[in-house]
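Participant: The C-terminal position of the sequence shown is numbered 332 in our numbering, with every residue numbered one higher than the one before it. Positions of the beta carbon are idealized from the N, C-alpha and C atoms, including for glycine.
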Amino acid sequence: MNSTDTPQPFFSEKSRRFLLLGTGCALGFCVLAAFLSPRHFFMSWLTVILWPWSISLGSLTLLLMIVLTGGKWSETIWQRLSLHARLMPMVGLCFLPWMIGLSYVYPWTDSAYFEGLENISHRQWFLQPGFVIGRSILYFFIWIGFSWIVAGTFLRVRQKRVAESGQILIPGGQAAAGLGLIAILISVTWAAMDWIMSLDPFFTSTLFGALVGVGALLAAMAAAIAGYAFNPRNENRNPDSKLMNDLGNLLLAFVMIWAYFSLSQFLIMWSGDLPQEAAFYQRRLMNSWSWITPALALGGFFIPLACLLSQDF
20 MNSTDTPQPF FSEKSRRFLL LGTGCALGFC VLAAFLSPRH FFMSWLTVIL WPWSISLGSL
80 TLLLMIVLTG GKWSETIWQR LSLHARLMPM VGLCFLPWMI GLSYVYPWTD SAYFEGLENI
140 SHRQWFLQPG FVIGRSILYF FIWIGFSWIV AGTFLRVRQK RVAESGQILI PGGQAAAGLG
200 LIAILISVTW AAMDWIMSLD PFFTSTLFGA LVGVGALLAA MAAAIAGYAF NPRNENRNPD
260 SKLMNDLGNL LLAFVMIWAY FSLSQFLIMW SGDLPQEAAF YQRRLMNSWS WITPALALGG
320 FFIPLACLLS QDF
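#1: So, is E296 buried or exposed, given that buried needs 16 or more other C-beta atoms within 10 angstroms?
#2: What's the call for M20, buried or exposed, on a 16-neighbour Cβ count within 10 Å?
#3: Leaving out five residues on either side along the sequence, give the residues of the same chain with a beta carbon under 6 Å from the beta carbon of F60.
#4: Near S93, which residues of its chain fall below 7 Å by C-beta distance, leaving aside the five closest residues on each side in sequence?
#5: Cutting at 7 Å between CB atoms, please list the residues of its own chain near A11, excluding the five before and the five after it.
#6: At which residues does the alpha helix (DSSP H) containing W214 begin and terminate?
#7: To the nearest angstrom, how far is it from the Cα of L270 to the Cα of A131?
#8: Using CA coordinates, which residue listed in I203, F299, V233 and A241 is at the minimum distance from S224?
#9: At 4 residues or longer, and completely inside the region 87-166: list those alpha helix (DSSP H) runs for me, N to C.
#10: Starting from L315, follow the alpha helix (DSSP H) in both directions and report where the run begins and ends.
#11: Roughly how many angstroms separate the alpha carbons of W64 and W117, rounded to a whole number?
#12: Check each candidate in Q330, C326, Q143 and G47 and name the one with the smallest Cα separation from P220.
#13: Report the three-state DSSP secondary structure of Q284 (helix, strand or coil).
#14: Let's see if you can read the secondary structure: which residues bound the alpha helix (DSSP H) around M240?
#15: Going by C-alpha distance, which of G149, W127 and Q284 is nearest S140?
#16: Starting from the Cα of F285, find the closest Cα among L262, A316, M263 and G267 and give me that residue.
#17: Would you be able to state if there are at least three C-beta pairs under 8 Å between the region 199-215 and the region 224-234?
#18: Use the C-beta contact count for A239: other C-beta atoms within 10 angstroms, 16 or more gives buried, fewer gives exposed.
#19: With distance defined between alpha-carbon atoms, name the residue in L115, S34, F320 and Q330 nearest to G153.
#20: Taking Cβ to Cβ, would you say R99 is nearer than 9 Å to S78?
#21: Please return the same chain residues whose Cβ sits closer than 6 Å to the Cβ of Y123, not counting the five positions on each side in sequence.
#22: Grab me the residues of C113's own chain with a C-beta within less than 6 Å of its C-beta, minus the 5 sequence neighbours each way, in chain order.
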């Protein structure tokens, strides 16, 4: 095994010490914030942990796609994807404070929240705190299991087969990857409903889970490419231009799919003109949200689209 088979550390030993010190200080501030303003802290905590979760889960999904298709586009980034996918156990630990502070984040944890309302028995049954926590634990068992199988077993076998015979596909790997993708599709849809969509328990959208899933793929692909391109210890500074072009095309595809799902959900809600659904967007077009929405459209779609369409980027 040569030095290019395993990603070199991005940070020096001195930088790691500073990072550990900064992490310790940040944890201290988190504990202080949890006591001073628990609602704001736990809401912020959920927002923060969804970012590494998206990267880790998206990386796992991309690895399953690599095992399923055997695409050569993954040659420059699969090690990065593997590292990110194997962070899933740590991401699961980050959800423990979220479980503790569930009552500060979601209004439905109060048993009196649904009193006097009609046709909500299914919501009460589905949004029981214990049931939500139990489902979340099950999600992480699925994700951690597949990340261990794919990142720890299949890709090592793939690397060995490529070195020995030039074959990319792994015997039995395609069937396992197909099952894994189905499991992730279902679990991500439910996780998106449990963690994000239930912040407004009366809002429903059949596209929401797909939107969150595509966002995770986009985040994972961008993180893997950035980790490869900006690693100063990367020995291969002149990668195959065709492979990098393939990665750029995939990133562009994920950007466009994410924008398409976002616009489709908005248009469906707009045409339906139902108060519960329209209120979701009304709140996000007023007050402090009035500048976040256009900033998200600009930074999440228009600027990446212009950059990725350019041959000089």
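Facilitator: Taking the definition as stated:
#1: E296 should be labelled buried.
#2: Confidence is the limiting factor: at M20 the pLDDT is only 45, short of 50, which leaves the residue's position unreliable, though a coordinate-based value still follows. So M20 counts as exposed.
#3: A52 and A53
#4: I85
#5: The chain is shown from 20 up to 332; residue 11 falls before or after that span and cannot be answered.
#6: Judged by DSSP secondary structure, W214 falls within the alpha helix (DSSP H) whose first and last residues are G192 to W214.
#7: Their Cα atoms are separated by approximately 45 Å.
#8: Of the listed residues, the one whose Cα sits closest to S224 is F299.
#9: 97-104, 107-119, 121-124 and 140-145
#10: W308 to A316
#11: 7 Å
#12: Of the candidates Q330, C326, Q143 and G47, the residue whose Cα lies closest to the Cα of P220 is Q143.
#13: helix
#14: F227 to A248
#15: W127
#16: A316
#17: Touching, yes.
#18: buried
#19: L115
#20: yes
#21: P57, R58 and F61
#22: I68
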